[in-house]
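Respectively, the protein sequence lines represent chains X and R.
The numbering used here puts the first sequence at residues 1 to 498.
The numbering used here puts the second sequence at residues 499 to 996.
C-beta: ideal position from N, C-alpha, C; glycine also.
Number of protein chains: 2
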Amino acid sequence: MKTSIFYLKAKIIDIEARVAWIVVLNKLDCQKLGIKPGDGLVMHLKGQSIGVYVDVTDDLVKEGEVGIFEDLSHRFEIEQGERLEFSFLGKPKSLDAIQSKLLGKGLNYSEMYSIVSDIVSRKLNDVAVAFFVASSFFEKISTKELFYLTKAMAETGKKIKFPGIVADKHSVGGLCGNETTPIIVPIIASFGIYIPKTCSRAITSASGTADTMETVARVAFSTKELINIVKKTKGCIVWGVGDIVPSDARIIEVASQLLIESYPKLISSIIAKKVAMGVKYLVIDIPVNKYAKIKNKKEAEELKKLFEDITKRFKIKTHVSINYAKGPIGRGIGPALQVYDDLLVLEQKENRPRDLEERATELAGYILELVGKARKGRGKEMAKSALKSGKALEKFREIVKAQGGDPEISSKKIQLGKISFQMKAKRNGRVKEINNHHLVEIARILGAPFIKSAGIYLNKKGGESFYKGETLFTFYTETSFRLHLALKTLKTKSFLKT
Amino acid sequence: MKTSIFYLKAKIIDIEARVAWIVVLNKLDCQKLGIKPGDGLVMHLKGQSIGVYVDVTDDLVKEGEVGIFEDLSHRFEIEQGERLEFSFLGKPKSLDAIQSKLLGKGLNYSEMYSIVSDIVSRKLNDVAVAFFVASSFFEKISTKELFYLTKAMAETGKKIKFPGIVADKHSVGGLCGNETTPIIVPIIASFGIYIPKTCSRAITSASGTADTMETVARVAFSTKELINIVKKTKGCIVWGVGDIVPSDARIIEVASQLLIESYPKLISSIIAKKVAMGVKYLVIDIPVNKYAKIKNKKEAEELKKLFEDITKRFKIKTHVSINYAKGPIGRGIGPALQVYDDLLVLEQKENRPRDLEERATELAGYILELVGKARKGRGKEMAKSALKSGKALEKFREIVKAQGGDPEISSKKIQLGKISFQMKAKRNGRVKEINNHHLVEIARILGAPFIKSAGIYLNKKGGESFYKGETLFTFYTETSFRLHLALKTLKTKSFLKT
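Right under this line is the structure:
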């Protein structure tokens, strides 16, 4: 029925869905065309073929009209009354490839490309994406297939080329705090090296780097805007740009419903973006902690090897740094609190979190060594010099300005939650360890990452002593309801072991 | 955040979605509550907890209101203005079990029950269901796990008990025609045996038995109505009833997006319904043909063994009958054409499809032998006697009447498509074989199963000779456009090999 094309007139409907791209058809049109609720159609628009799903109505849209939800009309700039072309979706060919993979067959590049490309155009629905995720992220896929997947993810979006050395840093995450990016990016950029950092929002954590940065600047930009920012300042800290690796958001959305860490997902997601951004030098940070995403040496080494294998195939010079962390790095947990920590380091304040400074300069140092700016073993020192000279702070403010933020940003200007609660020590003691899971759960109850000013400040961390009456940690939030819930949860999920 | 309950006032929205159960919230409420589009909520309604997903609007519903889509309001009888109670969905525990299964761990009954129960309440969304399907339908699951799954599917819905012998017949399908049910049910019921047959609509075929029966009677009933019909007539031929094995529809909806036949899906879906209907005697029909679902002896024997193992655990006396079919059974392909064939057999017309009569009475005979009505080897004969005496036809009309159809139904009254096309033989010859796949594809292009009167009549079948000018097959449809497409498709996908 591929030949069968039909036209409907757009009527914008003020609903934003997320589950799928939805169009609403009148019941009479559906009967005429043999369409049922939930059926798939292809919308042909500005040279693109977009998979959409049908809701049915008696009178919300009239015969000959098609209701277009807000998110869809916004994304594809569909005008009220626009004449839209549709055809039947049928069964996408890429579904055969997913089917094969579910039955254990390996995929070649062209099959992998067809899957990723149909994920982007939404010709594959979320259920099909879930089948793909299940077939490829939990079963062993070969390094070759993982390379194909990563390549397909990079190739199905826009690619950028900057006129010079392009480096980057990425942490696999999973440890609280550890917000080194806002320190590393300005350090590297201050040496004239391109570092176009795209980062993600939190899925299960208390703050993704995009959430953190958004406290002081805009993070959502078009590719064109991103290029302009980086051309001006050499660096940026922005949220994943929609048309660079556009498959990633959908894959993550589906895969993240399970809380299993999947290396293929992790690696393809990270490396595809580096490939698309033209990154040639890369430092990967793998924090290891029993409460973190990567729990032990075995897991870390396995992941390191995979990163090395895949980046080699893309000819990206890579250093993978495994960090056996005792607990959270830095003291702030939550968007505002994390950028506050970063600013303390950039401003070289006395009370800055030293562990965060050490880790950030170590990673920045590896980049400087990789690109040949610093001699082997001298990178960290060089990175620290950019902090001491104030050049990194100056560069950070330049980037914040370019991203639409306050060019005079400082730690003092960071707004923390208007409701705070200080937990005082009832006796003298020493913090033994911090349970990352409980810490995140409570930070999220306080409102992080959606409420920027919410979170937890760890006044005392693992290994530190305290006296009776000293503050152990501080909660920040905006409503007494959230504080109430957090304190209630703390009773069963204490994160501080003393 | 489990403790956090909130209330909103229902506003019914005239949209029928199928993808998920959707509620629409005002943007301001979302900001207040920290809800994003696509987030899950639990709606607490009449003692049930129902998983719903959030769409967001600026003004389609006001603050304090919640937009309820038609399908949801209809299903749960939600009134305009009703005060509805919600809480946050969080991560359902059953997702942990699915996660374990994806990683290769076996599931116990309580885990399986939690998954199926959350599928029913929609606390698991379609993506999670897809993960479950991928984890359990393509990997080997043990017979024990399959038993647990089947039991959980039966136990999470209503169960019925009839006061007498309850038998049933089920075909695993996949072969065109083979519409034996409307012949078998009245035969068995005419002997005073309960045969409460629930059947499905076509997913990929030209007509499911529910589609076929719907040509002459209603097929959608509540459990209460079904019980009344069966108490009156001993038999019924109805579409799967919503609250009997309610998990089945969702699992099938998700699994059917892949065209891989999965034995665990097939068996759990069939047997759970038999268990819920209190069936104690069961005949399973496995048609085997290179173009059918089950392609060879090996597959058929494997499936047979699985059926025997599972039904034994439920103490259902079962006969599995493998049928090596040369091609379609009967001549009609499409809802009306299939019931037309059945009526020719019930009416014992000279031109009735003999192969269909043979197969139907064979299967009915096995049931009569299983329940002890007929001696071993004499069941088929007894079944035929019910056809010859007219008792089966009388019973069929009784059932049709009880299901709201014409009590005087006959083959002459069946409406076939108003546009027909007869393919004439251009030379003398003989039909070698019929390609089931192409046959179905073209029948569906003609409109089957959605257009009841559409389909293909095979005037000549495999093994039959024809003379130049004789009709080989006839197309029936309702629009010239569909006929045009079907004839075009026929050029590359001829189903008749001569």
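For D512/R, three-class secondary structure by DSSP: coil
Outcome for L622/R when other beta-carbon atoms lying within 10 angstroms are tallied against a minimum of 16: buried
Start-end ranges of the alpha helix (DSSP H) lying completely within the region 717-804 of chain R, minimum 4 residues: 721-731, 745-753 and 761-774
Residue(s) in a DSSP beta bridge with L506/R: L582/R
Beta carbon of L844/R nearer than 7 angstroms to that of L891/R: yes
7 angstroms Cβ cutoff met for I663/R and V818/R: no
Closest Cα partner of K395/X within the set K491/X, I183/X, L84/X and G90/X: I183/X
Cβ pair T648/R, A770/R closer than 7 angstroms: yes
Chain X within 7 angstroms of K500/R, Cβ atoms only: Unreliable positioning characterises K500/R in this predicted model, as indicated by a pLDDT of 42, which lies under 50. A coordinate reading is not provided.
Cα-Cα separation, T311/X to P37/X: 44 angstroms
Which of helix, strand or coil DSSP assigns to N821/R: strand
For S612/R and K599/R, the rounded distance between their alpha carbons: 13 angstroms
Coarse secondary structure for K989/R, derived from DSSP in three states: helix
Straight-line gap, R925/R to R811/R (C-alpha atoms, nearest Å): 56 angstroms
Alpha-carbon spacing of N821/R relative to C528/R, whole angstroms: 58 angstroms
Residue nearest to F481/X in terms of C-alpha spacing, selected from I510/R, Y505/R, V522/R and L531/R: L531/R
Members of the region 75-97 of chain X near chain R, C-beta cut-off 8 angstroms: K91 and L95
Same chain, Cβ closer than 8 angstroms to K290/X, neighbours up to 5 away in sequence not counted: N296
Residues that DSSP places opposite S705/R in a beta bridge: None; S705/R has no bridge partner.
Simplified DSSP assignment, three categories, for G538/R: strand
Local Cβ density within 10 Å of I5/X, reported as buried at 16 or more and exposed below that: exposed
Cβ-based neighbour list, G902/R, same chain, cut-off 8 angstroms, excluding 5 preceding and 5 following: A715 and R716
Rounded straight-line distance, which links the Cα of C697/R to that of D537/R: 35 angstroms
Neighbourhood of M499/R by C-beta distance below 6 angstroms, restricted to the same chain and skipping five residues each side: Summary for M499/R: the model assigns pLDDT 40, below 50, so the residue's position carries little reliability; its value from the coordinates is reported in the next sentence. Taken in chain order, the residues that qualify are F586.
Interface flag, G34/X vs chain R, CB-CB below 7 angstroms: yes
The region 567-584 of chain R touching the region 510-526 of chain R, judged by at least three CB pairs closer than 8 angstroms: yes
The region 640-660 of chain R in contact with the region 159-178 of chain X per 3-pair CB rule at 8 angstroms: no
Where L496/X falls: helix, strand or coil (DSSP): strand
Partner residues on chain X for T555/R, Cβ-Cβ distance less than 9 angstroms: I13, D14, I15, E16 and E70
Between the CA atoms of I456/X and F645/R - distance to the nearest angstrom: 48 angstroms
Coil, strand or helix - F191/X by DSSP: coil
G565/R: first and last residue of the uninterrupted beta strand (DSSP E) it sits in: E563 to F567
Per-residue DSSP class, three states only, for C176/X: coil
Own chain partners of M880/R with C-beta closer than 6 angstroms, once the 5 adjacent residues on each side are dropped: L866 and A872
Reduced DSSP secondary structure (H/G/I, E/B, other) of D55/X: strand
Within 9 angstroms of chain X by C-beta, residues of the region 659-684 of chain R in sequence order: none
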